[in-house]
Each structure stands twice: as structure tokens, then as C-alpha cells.
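Reviewing the structure listed below.
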Amino acid sequence: MRCLITGGAGFLGSHLAETLLVHGHEVVVVDDLFRGKKKNLDDCKGSPGFFYVKGDACKLEDLEKGVEALGDVDLIFHLAAINGTLWFHERADSVVEVNINATIAALKLAERHAARLVFTSSPEAFGEVDEQPMGIGGDSLFDNPSLHQRHSYGASKYLGEILVQHAVRSKDIDCRVVRPFNAYGPRCPGNDYGQVVSIFLEKTKVGRPLTVHGDGSQTRSFSWVGDIVEGIMLAGTTDNSLTDGESLAGYTWNMGWPEETTIADLAQMVRDVTGVDTGMVMTKGYPGDSARRIPDISDAEAELGWRPLTNLADGLERTWNYLNRDNVRKK
Ligand SMILES: NC(=O)c1ccc[n+]([C@@H]2O[C@H](COP(=O)([O-])OP(=O)(O)OC[C@H]3O[C@@H](n4cnc5c(N)ncnc54)[C@H](O)[C@@H]3O)[C@@H](O)[C@H]2O)c1
0 MRCLITGGAG FLGSHLAETL LVHGHEVVVV DDLFRGKKKN LDDCKGSPGF FYVKGDACKL
60 EDLEKGVEAL GDVDLIFHLA AINGTLWFHE RADSVVEVNI NATIAALKLA ERHAARLVFT
120 SSPEAFGEVD EQPMGIGGDS LFDNPSLHQR HSYGASKYLG EILVQHAVRS KDIDCRVVRP
180 FNAYGPRCPG NDYGQVVSIF LEKTKVGRPL TVHGDGSQTR SFSWVGDIVE GIMLAGTTDN
240 SLTDGESLAG YTWNMGWPEE TTIADLAQMV RDVTGVDTGM VMTKGYPGDS ARRIPDISDA
300 EAELGWRPLT NLADGLERTW NYLNRDNVRK K
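First residue of the sequence shown? That's 0 in numbering that gives the first Met the number 0, and the numbers climb one at a time after it.
Quick look at the structure:
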């Protein structure tokens, strides 16, 4: 298939591009490098069916340049978004602007070219719900915006899902939604704007203490990037539901490791896997952080035949090895 990935120079997008190429698909990445990096695509560059366009996913004309590179497009993976918790607080305005406008543009592109579209939403689209594991049909609960603006991101994903479902019903576009749960692995950013697994591993590498928000009792489902990317690919390449053969237009899937880990336990696992103890600092953290997050993945298992295979200890070890290999290469 001819695949266009918005945000394909980022963490998940670059792994998705590699995986699609391995499966014989053609791929064009459209990314403005807000957080993505061209070097994330180094392993794709040699492939004959790979193209890269530096462009703004909010602009239909930039997305069309990607389509021109491919000749046409069959499948759009819409990943472009401003992601990273610190951004949600510091630049709530940009988070809302980019995440909504890029989704509108991607849906227009899908309509124009009669392409299938996969939208990467997030468990953050639920806000701060108590009910766990999270099913696919629960309600969303957001704090009052005068308290904090963390939910700029979650609410933008919620509205993204609204736009997607509207496109399915009113415009007959074959769109699907995936909600990845805390993916980690090589290329996941480990700076202040990054994600906790990479932050912990990178701090360990440079001998700095691990910063734990609150009392560290909040939980997440930490999911190996290879598993998540396999799931995103299947969400796009599977024609019909494996359960009843029905069209998958409008379907949503949670994708994540189906066990929860507290942040304090994650810190301990990082110490165990790396064999290095740099200490721990407890901080207040950001407001609006959800207390627990664990996915119910039964729909993805039944309808797509997807199941994650890599447990957290193995994934941490692989990521640690990658960080150290990367370090050696840079020297
Ligand atoms: N990583 C996770 O655990 C996770 C969980 C849930 C949802 N998601 C969603 O999956 C997608 C990919 O996430 P990621 O972790 O790879 O994040 P990422 O930040 O690494 O990737 C997003 C990419 O979008 C690009 N981008 C931002 N604004 C753009 C614009 N206007 N035009 C073109 N490109 C633009 C960035 O440069 C970046 O390369 C995002 O939509 C994110 O919200 C990720």
C-alpha cells in the first residue's frame, strides 16, 4: 500500500515507517521536525519506496506534496501532534492549534484521495477517570481549565476522535482510532519534554537522580514500541474485523501492555536493569496527572489479532542497550 505518515520523523512514526517498509509498503513521511528528527529516519533512507517531505501537517498543500511523492495514497497514518507533558502546560495554545488543525487537514486529505486513515489518539482523551482497566467506550472527565491546562492535549485527542467519527458517519471515510498507552523504546525523547522511561534511563546514564512526581504511586501501562507499532500497522492494513468480517470504519482500539506499574516500581526496575543507583528525588509534579492507567485490550486482540509480546524488564534492557550503543556511536 502507499502510506503517508504525518509526524513520521518522531518516535512512533519513525518505527512505523521502518515496519511498513519491511512489510513491502511504500512510505512518505511528512514532518516539520518540531520534535521529530531527520536522523530517526536514517534506516529508512536507503529503501526505494521511501520518501520524506519537510512540511506542516496542518497545511493540506504540504500533505499533498507527500501524496505527489508517492503518486497517490491508500493509507494515512495520522501521528503529527505536539506531544510531551511539559508542552501541555507550557504551550497549551499550540497543542490545541496543531493537534486539531492537523487532524482536520489529514481527514480532508483522506476524503480527497478516498484513502483509509488511522488516527493516533491517547488514553489522555479520557482525562482523569477512575475506572480501570480503561475500556474503549468510557466517558471522559476533564478538570476545570482555570486549574491547569494539562488537558489541552487530552481534549485535543478527544476532539480528534469526534472529527474522525464525524468523517466516518457523514463522509463515509474509512477511519480507525488507536490509543497507545505509554510507549517507550529507542528514540523516545528523554529530555524534560520527554517520557518517563527515557527520562529515567537517560538520567541514569549521566549519573543524575531519578525525579519522581508525587509519591510515585501513580501507575502506567508501559508498552514496548515494537508492539505498539505492530498494532498501529495492523489497525491500518487489516481490511475487516477478524471476529465478524465487518468493516472496521469507526473502530477504536486500546493498545498497551495489560499490566500496570507504579512510577516508584519503574524507578526500581531501572536500577535493577542498569545496575546503577543514582538515587531518587521526590517532586510535586504536574497537576492533572492521572492516578492509574491500564488498558483493556480485548477488542484489539479479537478484531485485529494483536497482542503485545515484550514485558517491561525486557523492553527496559533493550532500551538501555540502545542508549549505550548510541553513546558509543556518537563518540
Ligand atoms: N508515545 C506514546 O506513548 C503515545 C501515546 C498515546 C498517543 N500518542 C500519539 O502518537 C503520535 C506519535 O507520538 P510520538 O510519541 O511518536 O510523539 P513525537 O512527538 O515523537 O511525534 C510526533 C511528530 O509530529 C511532528 N509534528 C508536530 N507538529 C507537526 C506539524 N505541525 N506538522 C508536521 N509534523 C508535526 C513532530 O515533529 C514529531 O515528529 C502522537 O499523535 C501522539 O499524541 C503517543
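Cβ atoms here follow ideal geometry from the backbone N, Cα and C, with glycine treated the same way.
Proximity below 8 Å, CB of residue i to CB of residue j
i    : j    : result
A105 : L116 : yes
S246 : A182 : no
S197 : P188 : yes
F49  : C43  : yes
P132 : I262 : no
S151 : V195 : no
R1   : V72  : yes
A234 : L140 : no
C-alpha distance - residue i paired with residue j, whole-angstrom precision
i    : j    : result
W256 : S220 : 5 Å
D276 : K202 : 10 Å
D288 : T210 : 15 Å
S46  : H14  : 14 Å
N310 : V224 : 11 Å
S155 : T119 : 12 Å
V124 : Y250 : The residue asked about is misnamed: residue 124 is Ala in this sequence, not Val. So the two alpha carbons sit approximately 15 Å from each other.
T273 : E316 : 8 Å
G12  : N143 : 32 Å
K283 : D214 : 9 Å
E67  : R111 : 13 Å
V280 : F180 : 25 Å
L108 : V27  : 14 Å
Spatially closest choice to residue i from the options, by CA coordinates
i    : options                   : result
A114 : H77, T84, V95 and T218    : H77
R306 : I227, E316 and L322       : I227
F33  : Q164, A80 and F199        : A80
L85  : S121, N190, M232 and A154 : N190
A266 : E130, H212 and D92        : H212
L59  : F87, G83 and D30          : D30
K38  : D61, F10 and A166         : F10
Q148 : I135, S121 and D92        : D92
G368 : A248, G35, N239 and L233  : Nothing can be reported for residue 368, as the shown portion of the chain is limited to 0 through 330.
Cβ-based burial, residue i [other Cβ within 10 Å; buried from 16]
i    : result
E63  : buried
K330 : Any reading at K330 must be qualified, since the residue scores a pLDDT of 36, below 50, and its modelled position is unreliable; no value is offered.
S146 : Residue 146 is actually Leu in this sequence, not Ser. Its Cβ having fewer than 16 others within 10 Å, L146 is exposed.
N253 : buried
A299 : buried
N323 : exposed
L308 : exposed
A8   : buried
V21  : exposed
Residue i - partner residues in DSSP beta bridges
i    : result
H77  : T5 and F118
E25  : R1
K360 : Any property of residue 360 remains undetermined from this structure, which presents the chain solely from 0 to 330.
W178 : According to the sequence provided, residue 178 is Arg. The question's Trp does not apply to it. N253.
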